[in-house]
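I have placed the structure first, in the form of structure tokens, so that the comments after it can refer back to it.
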Amino acid sequence: MGCMFYLCINCAADEDPEVDFTQIRRPAADEDREVNFRQLRRYSLHELQVATDTFSHKNILGRGGFGTVYKGRLADGTLVAVKRLKAEKTQGEELQFQTEVELITMAVHRNLLRLRGFCMTQTERLLVYPYMANGSVASCLRDRTEAQPPLDWEKRKRIALGSARGLAYLHDHCDPKIIHRDVKAANILLDEEFEAVVGDFGLAKLMDYKDTHVTTAVRGTMGHIAPEYLSTGKSSEKTDVFGYGVMLLELVTGKTAFHLALLANNDDVLLFDWVCVYVFLFLHVANLVHLADLIT
């Protein structure tokens with residue numbers, strides 16, 4: 001389902017007047033590989049401390065493997081989301097910071113999260129993004145209050161289309177192409193109009209057009225990792241399409257992609273497996289009904 005939906009969007013991409021098809025070019029081999037910050041605003045640590053009330057717990061929007069995201073209000077009143085990477089500067093966290101800055105500044109599209117600026121000090125590495133008023137798809141599906149209405153089907157359709165356009169841009173209109181590697185409902189953010197924006201590029205990889213895959217240590221989120229990537233360590237656009245398909249299943253069913261609590265009962269812990277069982281049963285029943293019609 002995810003593959004078919006994604007391919008439909010991909011084929012129609014050239015007809016979409018809203019898509020920016022500006023090609024991203026790889027730097028020459030002798031060019032400096034340092035991340036280019038010149039086009040980004042550099043915030044002072046004091047600005048972001050004031051904006052987030054000194055990274056107050058009450059302003060936390062979410063936590064991830066590399067750090068915490070805070071809601072902030074700049075001096076001019078603009079709402080932002082500030083990602084604060086963990087204090088320990090491990091090699092993985094430094095790479096995550098550089099990757100996220102580099103890739104987000106390269107890929108510019110209405111359905112990709114835009115980086116507003118950054119802050120780097122001896123002890124802090126902070127990334128500043130626009131504030132997404134409606135949170136993530138995951139939070140809208142599973143964390144809403146009773147006062148909040150559920151996502152209607154028109155909004156769900158817009159979310160599916162928008163996130164597909166963002167991924168299609170990464171795969172087909174960037175040179176080198178960008179593989180996200182962690183497509184999931186929690187990484188699809190929603191603005192005030194419920195326009196879908198693909199975010200969190202910390203695990204993304206660049207891939208030459210001449211290559212069919214890149215081989216890396218397996219990274220991602222349980223339930224969203226494509227089986228072939230898990231077994232071989234080879235990721236490609238198909239890795240993202242699988243994650244997108246699982247996200248569509250989340251969007252339709254409202255269920256989480258991985259349900260650890262079901263493990264104790266030997267039930268299907270992966271949403272993908274759960275859906276496969278019901279599809280099999282549906283097709284089996286449909287075949288029986290068809291057979292009964294033929295007999296009668």
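Numbering (the UniProt record's numbering), first residue to last: 1 to 296. Glycine included, every Cβ here is placed at the ideal spot set by N, Cα and C. A quick note: this is a predicted structure, and the numbers were derived from the prediction, not measured.
Of all C-beta pairs linking the region 147 to 161 to the region 68 to 79, fewer than three are shorter than 8 angstroms, placing the two stretches out of contact. If only uninterrupted alpha helix (DSSP H) runs of at least 4 residues are considered, those enclosed by the region 148 to 179 are 153 to 172.
Taking all protein chains in view, the Cβ of A196 is crowded by 16 or more other Cβ atoms within 10 Å, so the residue is classified as buried.
The Cβ neighbour count for L45, taken over all protein chains shown within 10 Å, is under 16; the residue is labelled exposed.
Per DSSP, A107 lies in no beta strand (DSSP E) segment and is marked neither H nor E. With at least 16 other beta carbons inside 10 angstroms of its own, V128 counts as buried. In the three-state reduction of the DSSP assignment, A81 falls in the strand class, which pools E and B.
T68 sits in a strand when the DSSP states are folded into three classes. DSSP, read as helix, strand or coil, puts S139 in helix. Setting aside the 5 residues that flank it on each side, L79 is surrounded in the same chain by R73, Y131, each with a C-beta closer than 6 angstroms to its C-beta; the list follows chain order. The Cβ-Cβ distance between L126 and V82 falls below 8 angstroms. In terms of CA proximity to V183, E250 leads the group R84, E47, D172, E250. In the DSSP assignment, M120 is bridged to R125.
Per DSSP, G62 is one residue of the beta strand (DSSP E) stretching across 60 to 63. Boundaries around L190 are those of the beta strand (DSSP E), 188 to 190, since no alpha helix (DSSP H) includes it. In the structure shown, the three-state DSSP call for A185 is helix. Three or more Cβ pairs closer than 8 angstroms define a contact, and the region 152 to 169 meets that threshold against the region 106 to 123. Counting C-beta atoms within 10 angstroms of its own C-beta, T256 has 16 or more neighbours from the protein chains shown and is therefore classed as buried. Beta-bridge analysis with DSSP links V198 to L112, I188. Between A186 and A107, the CB-CB gap reaches or exceeds 8 angstroms. Here R144 is not bridged, per DSSP, to any residue. Using a Cβ distance threshold of 8 angstroms, V198 and H173 do not count as a contacting pair.
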